[in-house]
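Numbering (our numbering), first residue to last: 1 to 99.
Virtual Cβ for every residue (Gly too), placed ideally from N, Cα, C.
Note that the coordinates shown come from a computational prediction; the quantities given were computed from them, not determined experimentally.
Heads up, the thing below is written out as structure tokens.
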Amino acid sequence: MAEILAVLYEKHPGFTSTRQLAQDMIRTDEFVLQLCKHLENKKLISHIRYGRGRGAKREWRITPNGRHLYEAQLSRESRGEQEKMIDADDTVGGNFVEE
1 MAEILAVLYE
11 KHPGFTSTRQ
21 LAQDMIRTDE
31 FVLQLCKHLE
41 NKKLISHIRY
51 GRGRGAKREW
61 RITPNGRHLY
71 EAQLSRESRG
81 EQEKMIDADD
91 TVGGNFVEE
């Protein structure tokens with residue numbers, strides 16, 4: 001689901017079709033549609049619909065709540081990488097002494 005948020009975040013403020021999301025994620029349209037419906041129920045994405053019946057198309061975009069959640073996730077990942085780098089610096093310089 002985070003992958004859908006990532007794609008929609010990159011394409012914001014525009015809408016992206018279910019088919020395009022499926023192609024970007026290398027998944028089936030039906031699988032992506034079910035994930036999108038779940039994210040929509042959580043109010044993280046929204047959709048507009050064109051047409052009626054089987055020929056109807058849905059296009060999705062990230063909501064402000066979804067953007068906030070995704071940005072918070074990016075921030076946490078960034079801090080985690082910085083902490084890993086600091087820990088690696090400590091072990092490289094402090095534990096080995098050449099004589």
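Original post:
Secondary structure at I48, three-state DSSP: helix, strand or coil?
Top reply: As a working mapping, residue 48 is identified with position 48 in the sequence shown. It is a strand residue.
**OP:** Please name the residue or residues paired with S75 in a DSSP beta bridge.
**Re:** Taking the first residue of the sequence shown as position 1, residue 75 is located at position 75. Answer is none; S75 lacks a bridge partner.
**OP:** Have a look at H47 and G14 and give me their C-alpha separation to the nearest angstrom.
**Re:** Counting from 1 along the sequence shown, the entry for residue 47 is found at position 47. Counting from 1 along the sequence shown, the entry for residue 14 is found at position 14. Rounded to the nearest whole angstrom, the CA to CA distance from H47 to G14 is 11 Å.
Original post:
For the alpha helix (DSSP H) that contains K37, what are its first and last residues?
Top reply: On the sequence shown, residue 37 is found 37 positions in, with the first residue counted as 1. That run of the alpha helix (DSSP H) goes 29 to 41.
Original post:
How long is the line joining the alpha carbons of R54 and L33, rounded to whole angstroms?
Top reply: One-based indexing of the sequence shown puts residue 54 at position 54. One-based indexing of the sequence shown puts residue 33 at position 33. Distance between the alpha carbons of R54 and L33 is about 14 Å.
**OP:** Give a yes or no on whether the C-beta atoms belonging to G66 and L44 are separated by under 7 Å.
**Re:** Here residue 66 refers to the residue found at position 66 when the sequence shown is read from its first residue. Here residue 44 refers to the residue found at position 44 when the sequence shown is read from its first residue. Result yes, Cβ atoms of G66 and L44 sit closer than 7 Å.
Original post:
Expressed to the nearest angstrom, what Euclidean distance is found between the alpha-carbon atoms of L35 and R52?
Top reply: The residue given as residue 35 occupies position 35 in the sequence shown. The residue given as residue 52 occupies position 52 in the sequence shown. If you take the alpha carbons of L35 and R52, they lie about 21 Å apart.
Original post:
alpha helix (DSSP H) containing R19: first to last residue?
Top reply: One-based indexing of the sequence shown puts residue 19 at position 19. Counted as a single uninterrupted DSSP element, the alpha helix (DSSP H) harbouring R19 occupies residues 18 to 25.
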